[in-house]
Amino acid sequence: MRALGIILAGGNNFRMKELSQKRAIAAMPIAGSYRAIDFSLSSMTNSHVQKVAVFTQFNARSLNAHLSSSKWWDFGRKQGGLFVFTPIMTNESSYWYRGTADAIYQNIDFLKNSHEPYVIIASGDGIYKMDFNKLLEYHIEKKADITVVCKDMDKDEDVERYGIIKMARDNRIEDFEEKPVVAKTNTVSCGIYVIRRRQLIELIEKCAEEDRYDFVRDILIRYKDLRRIYGYKLKDYWRNIATVDDYYRTNMDFLKPEVRNYFFKTYPDVYSKVDDLPPAKYNVGANIRNSLISSGCIINGTVEDSILFKKVFVGNNCYIKNSIILNDVYIGDNVHIENCIIESRCTINRDSYYKGENGIRVLTETGDRYGV
Amino acid sequence: MVKKEMIAMLLAGGQGSRLGVLTTKVAKPAVSFGGKYRIIDFPLSNCINSGVDTVGVLTQYQPLRLNTHIGIGIPWDLDRNIGGVTILPPFEKSVSSEWYTGTANAIYQNIEYMDSFNPDYVLILSGDHIYKMDYGVMLDFHKSMDATVTIAVMPVPYEEAGRFGIMITDEDKRITDFEEKPDHPRSNLASMGIYIFSWHVLRDALIAQSDQPNLDFGKHIIPYCHEKKERMYAYEFNSYWKDVGTLNSYWEANMELIDIIPDFNLYEEYWRIYTKSDTLPPQYISTDSVVERCIIGEGSDIAGKVYNSVIGCGVTIGKDTIIRDSIIMNETVIGEGCEIYKGIVAENVTIGDHVKLGFGDEVTNETDPHIYNHGIATVGERSVIPPGVSIGKNIVISGVTTAKDYPGGRLESGKTLIRGGDK
Numbered sequence: 014m015r016a017l018g019i020i021l022a023g024g025n026n027f028r029m030k031e032l033s034q035k036r037a038i039a040a041m042p043i044a045g046s047y048r049a050i051d052f053s054l055s056s057m058t059n060s061h062v063q064k065v066a067v068f069t070q071f072n073a074r075s076l077n078a079h080l081s082s083s084k085w086w087d088f089g090r091k092q093g094g095l096f097v098f099t100p101i102m103t104n105e106s107s108y109w110y111r112g113t114a115d116a117i118y119q120n121i122d123f124l125k126n127s128h129e130p131y132v133i134i135a136s137g138d139g140i141y142k143m144d145f146n147k148l149l150e151y152h153i154e155k156k157a158d159i160t161v162v163c164k165d166m167d168k169d170e171d172v173e174r175y176g177i178i179k180m181a182r183d184n185r186i187e188d189f190e191e192k193p194v195v196a197k198t199n200t201v202s203c204g205i206y207v208i209r210r211r212q213l214i215e216l217i218e219k220c221a222e223e224d225r226y227d228f229v230r231d232i233l234i235r236y237k238d239l240r241r242i243y244g245y246k247l248k249d250y251w252r253n254i255a256t257v258d259d260y261y262r263t264n265m266d267f268l269k270p271e272v273r274n275y276f277f278k279t280y281p282d283v284y285s286k287v288d289d290l291p292p293a294k295y296n297v298g299a300n301i302r303n304s305l306i307s308s309g310c311i312i313n314g315t316v317e318d319s320i321l322f323k324k325v326f327v328g329n330n331c332y333i334k335n336s337i338i339l340n341d342v343y344i345g346d347n348v349h350i351e352n353c354i355i356e357s358r359c360t361i362n363r364d365s366y367y368k369g370e371n372g373i374r375v376l377t378e379t380g381d382r383y384g385v
Numbered sequence: 109m110v111k112k113e114m115i116a117m118l119l120a121g122g123q124g125s126r127l128g129v130l131t132t133k134v135a136k137p138a139v140s141f142g143g144k145y146r147i148i149d150f151p152l153s154n155c156i157n158s159g160v161d162t163v164g165v166l167t168q169y170q171p172l173r174l175n176t177h178i179g180i181g182i183p184w185d186l187d188r189n190i191g192g193v194t195i196l197p198p199f200e201k202s203v204s205s206e207w208y209t210g211t212a213n214a215i216y217q218n219i220e221y222m223d224s225f226n227p228d229y230v231l232i233l234s235g236d237h238i239y240k241m242d243y244g245v246m247l248d249f250h251k252s253m254d255a256t257v258t259i260a261v262m263p264v265p266y267e268e269a270g271r272f273g274i275m276i277t278d279e280d281k282r283i284t285d286f287e288e289k290p291d292h293p294r295s296n297l298a299s300m301g302i303y304i305f306s307w308h309v310l311r312d313a314l315i316a317q318s319d320q321p322n323l324d325f326g327k328h329i330i331p332y333c334h335e336k337k338e339r340m341y342a343y344e345f346n347s348y349w350k351d352v353g354t355l356n357s358y359w360e361a362n363m364e365l366i367d368i369i370p371d372f373n374l375y376e377e378y379w380r381i382y383t384k385s386d387t388l389p390p391q392y393i394s395t396d397s398v399v400e401r402c403i404i405g406e407g408s409d410i411a412g413k414v415y416n417s418v419i420g421c422g423v424t425i426g427k428d429t430i431i432r433d434s435i436i437m438n439e440t441v442i443g444e445g446c447e448i449y450k451g452i453v454a455e456n457v458t459i460g461d462h463v464k465l466g467f468g469d470e471v472t473n474e475t476d477p478h479i480y481n482h483g484i485a486t487v488g489e490r491s492v493i494p495p496g497v498s499i500g501k502n503i504v505i506s507g508v509t510t511a512k513d514y515p516g517g518r519l520e521s522g523k524t525l526i527r528g529g530d531k
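If you read the sequences in order, they're chains A and B.
Residue 368 in the numbering used here sits at position 355 of the first sequence, with consecutive numbering throughout.
Residue 531 in the numbering used here sits at position 423 of the second sequence, with consecutive numbering throughout.
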């Protein structure tokens with residue numbers, strides 16, 4: 014592969030509410046057994062990208078723990094490998110990453126010391142599978158300076174929170190608006206870009222000279238008429254996690270057979286850190302309907318239309334519906350949980366009742382685990 | 109200089125013929141167990157959890173699955189710069205090339221491997237038992253007794269003692285005598301096939317006895333050490349230990365995992381069991397399904413009703429299918445409207461719709477009654493069973509079968525149906 018990868022995983026979003034208190038979005042658990050960043054990492058490794066840098070900043074402990082070994086994505090190679098870059102203090106700068114472009118600028122030596130002619134920039138919060146070889150071929154064929162991956166969203170989707178793209182006939186980007194008040198099209202940017210390495214260095218350095226820090230605003234939008242910026246439409250599944258609602262819906266998508274088929278049963282696979290947990294166990298009283306259950310779970314109650322992440326314990330006579338229970342949650346007996354997301358490592362005391370009345374309720378209870 | 113205090117030699121070359129068709133294509137240590145594991149995961153995990161980071165795995169019979177499973181030992185953290193796991197198949201020599209002719213002969217042929225680590229002690233393990241054991245504690249015992257040979261033993265009921273090698277000890281646990289499968293046992297301490305030898309003692313014994321045909325630990329090395337008046341001690345082990353050598357004991361050991369708090373608990377944080385997982389996704393349990401008293405591996409897709417069963421990874425169970433008291437291994441696909449009772453269905457099997465398996469009278473198996481008994485219906489890996497057939501108890505099916513193999517749509521109890529060809 015003639016490209017190196019950069020995954021921007023530093024960001025945070027206040028619309029993730031309580032869920033962002035614990036971790037960066039890129040480390041959010043997805044679909045029972047994965048973390049959001051696994052999808053970008055797996056697409057990179059499956060496209061034979063050998064060298065990948067992950068830029069992290071906000072609440073990165075959970076993410077760093079997930080990336081503590083590169084072997085799960087097969088990046089433990091002599092050539093290339095997986096690099097995790099957090100902001101560092103130097104003689105010239107003691108700033109945090111002030112934006113996506115600044116994050117790249119602060120690690121510009123990584124780009125300068127590499128030899129790959131192209132760079133693929135992806136985000137850590139996208140849920141998708143993609144062959145970057147095809148993207149790169151397209152980029153070269155179009156003689157583009159930058160290629161932006163984009164996706165036509167459903168008509169009923171609220172697209173105003175994305176970057177909105179308007180393309181000409183030949184797919185050259187005519188208009189790019191970041192989070193407009195009224196969207197002119199329903200084509201959104203997926204936050205995945207290809208660019209020649211030398212050109213990226215040049216643009217980023219120019220940006221830094223002018224005290225500009227944002228890749229989208231200060232490079233894509235500012236240069237859209239000067240440089241050949243093209244769009245590449247992604248036809249398959251793509252979602253990004255920016256709000257609690259997105260997070261809930263994306264997870265619930267995995268209850269649909271076509272989505273499970275696409276991610277779990279169709280080549281190529283998505284990889285993640287292996288946790289060595291025993292198989293899920295169902296005792297007398299377990300009653301499961303239309304749910305995803307991960308390894309290490311022990312279930313004694315009813316679970317309906319829900320997703321249970323790893324190592325969840327569900328007590329006797331519980332009723333769990335339309336909910337997402339994250340890793341290592343303990344739920345005591347006689348608990349009712351409906352329309353909730355339960356934060357990892359929570360303990361729900363017995364006989365409690367939780368229901369999201371208007372939308373999804375995020376729970377971060379820490380009851381008394383062994384006194385129940 | 110390379111130096112390891114204790115290294116382990118894991119005997120994994122045996123066929124385990126009493127597991128019947130389960131071991132036609134794989135060695136017994138590579139047979140699936142408990143939903144996502146293989147039998148060899150237990151001794152390998154015990155090794156790394158005990159701090160033994162150098163393990164030689166002796167393979168001979170059908171090693172492919174075992175080799176791909178172990179790889180370079182990543183799942184057990186046995187990928188080491190020095191030591192780690194090494195697969196040791198028999199190899200050609202300039203004179204007298206031979207297969208491994210016995211347990212001790214296999215170890216004898218790898219003296220060079222063991223010498224290269226300069227060990228003080230060598231731990232001999234077999235790859236066909238289910239247990240959790242800290243070999244470090246056993247080594248402490250070995251040292252504290254100033255022993256040169258320590259044999260792990262387990263108290264068994266006297267009526268069963270005749271099936272084992274029995275150790276007779278004095279009050280200090282020193283072994284004074286032993287008997288192999290005695291009719292009238294003088295003790296109930298059964299050898300578990302786990303030995304710690306001081307390396308120089310084992311090395312001398314192997315070389316002195318190397319001309320014995322089918323050189324075996326129980327038959328030759330232990331008697332030789334006894335004769336030489338070596339300090340042999342019995343290390344008593346009192347936790348869960350199960351020999352899964354027969355289909356019935358294999359079935360029982362799997363079923364014991366289903367208990368609310370099983371004797372052998374895989375859910376403890378302490379002493380984890382590691383395995384190579386090929387599948388990561390969660391399992392999907394659909395509407396109208398029932399899962400009760402069972403354990404199910406990753407990535408399985410359950411639309412039917414499953415009671416009292418152990419289901420592997422990536423298994424598909426169709427709508428309205430009922431599975432009871434059964435073991436279904438990885439990647440097997442079972443159609444809709446089937447009924448399976450007390451079956452052991454190996455990996456990658458395809459069962460058509462509306463198949464009944466394990467129903468009827470209990471009739472002794474026609475070809476191998478000592479293997480296929482206790483009413484268990486056994487289906488070998490990569491078998492195909494056509495839709496709509498009804499199959500009895502104590503049967504065995506292996507290979508691609510078609511409707512022609514089932515006269516009147518039936519396979520009576522006690523029948524053996526082995527067909528060539530893979531699907």
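The beta-carbon is built from N, C-alpha and C at its ideal position, and this holds for glycine as well.
Quick caveat: nothing in here was measured; it's all calculated off a predicted structure.
- Residue-level contact check: residue 395 of chain B touches chain A, since one or more beta carbons of chain A fall below 8 Å from its beta carbon.
- Counting the other Cβ atoms within 10 Å of the Cβ of residue 492 of chain B gives 16 or more, which makes it buried.
- A residue is called buried when at least 16 other Cβ atoms come within 10 angstroms of its Cβ; residue 379 of chain A does not meet this threshold and is exposed.
- For chain B, the residues of the stretch 265-285 of chain A that bring a beta carbon within less than 9 Å of one of its beta carbons are 267, 268, 270, 273, 276, 277, 278, 282, 283, 284, 285, in chain order.
- With a threshold of 16 other beta carbon atoms within 10 Å, residue 378 of chain B falls short and is exposed.
- Between residue 161 of chain A and residue 201 of chain A, the CB-CB gap reaches or exceeds 8 Å.
- For residue 220 of chain A, the enclosing alpha helix (DSSP H) begins and ends at 210-222.
- Cβ atoms of residue 84 of chain A and residue 182 of chain B come within 8 Å of each other, at about 7 Å.
- Here residue 182 of chain A carries a coil assignment [DSSP, helix/strand/coil].
- Closer than 8 Å to the CB of residue 400 of chain B there is at least one CB belonging to chain A.
- Within the same chain, 391, 419 come within 6 Å of residue 404 of chain B by CB-CB distance, once the 5 residues on both sides are set aside.
- Here residue 327 of chain B carries a helix assignment [DSSP, helix/strand/coil].
- Under DSSP, residue 21 of chain A forms a beta bridge with A/68, A/136.
- At a C-beta separation below 7 Å, residue 84 of chain A has these neighbours in chain B: 182.
- Taking the C-beta atoms as reference points, residue 352 of chain A is found no nearer than 8 Å to residue 331 of chain A.
- The CB of residue 294 of chain A comes closer than 7 Å to the CB of 403 in chain B, given here in chain order.
- For residue 291 of chain A, the residues of chain B that pass the 8 Å Cβ criterion are 142, 143, 144, 374, 375, 381, 403, in the order they occur in the chain.
- Contact between the stretch 207-221 of chain B and the stretch 139-154 of chain B is not established, with fewer than three Cβ pairs separated by less than 8 Å.
- Distance between residue 415 of chain B and residue 400 of chain B, taken at the CA atoms: about 5 Å.
- Residue burial annotation: residue 189 of chain B is exposed, with fewer than 16 other C-beta atoms found within 10 angstroms of its C-beta.
- Flagged as an interface residue toward chain A: residue 392 of chain B, by a C-beta distance shorter than 8 Å.
- Put simply, the CB of residue 406 of chain B is near chain A, with a gap under 8 Å to one of its CB atoms.
- As DSSP reads the structure, residue 283 of chain B sits in a beta bridge with B/277.
- About 5 Å separates the beta carbons of residue 289 of chain A and residue 380 of chain B, which is inside the 8 Å limit, making them a contact pair.
- In the three-state DSSP reduction, residue 391 of chain B falls in the strand class (E or B).
- Interface residue (Cβ-Cβ distance to chain B less than 8 Å): residue 302 of chain A is classified as such.
- Counting only unbroken stretches of 3 or more residues, the beta strand (DSSP E) elements lying wholly within the stretch 131-184 of chain B are 162-166, in sequence order.
- Nearest neighbour of residue 220 of chain A by Cα position, chosen from A/287, A/114, A/243, turns out to be A/114.
- In this model, residue 124 of chain B and residue 396 of chain B are separated by some 40 Å (Cα to Cα).
- Excluding the 5 residues flanking it on each side, residue 469 of chain B has same chain C-beta neighbours closer than 8 Å at 500, 501, 521, in chain order.
- Put simply, of B/272, B/255, B/209 the residue whose alpha carbon is nearest the alpha carbon of residue 263 of chain B is B/272.
- Counting along the chain, residue 259 of chain A sits inside no beta strand (DSSP E); it lies in the alpha helix (DSSP H) bounded by residues 257-266.
- In this model, residue 56 of chain A and residue 283 of chain A are separated by some 8 Å (Cα to Cα).
- Cβ contact annotation for residue 295 of chain B (same chain, cutoff 6 Å, sequence separation greater than five): 274, 276, in chain order.
- For residue 175 of chain B, the CB contacts under 8 Å within the same chain, skipping 5 residues up- and downstream, are 167, 195 in chain order.
- Sequence-distant Cβ neighbours of residue 178 of chain B in its own chain, meaning closer than 7 Å and more than five residues away, are 165, 193, 195.
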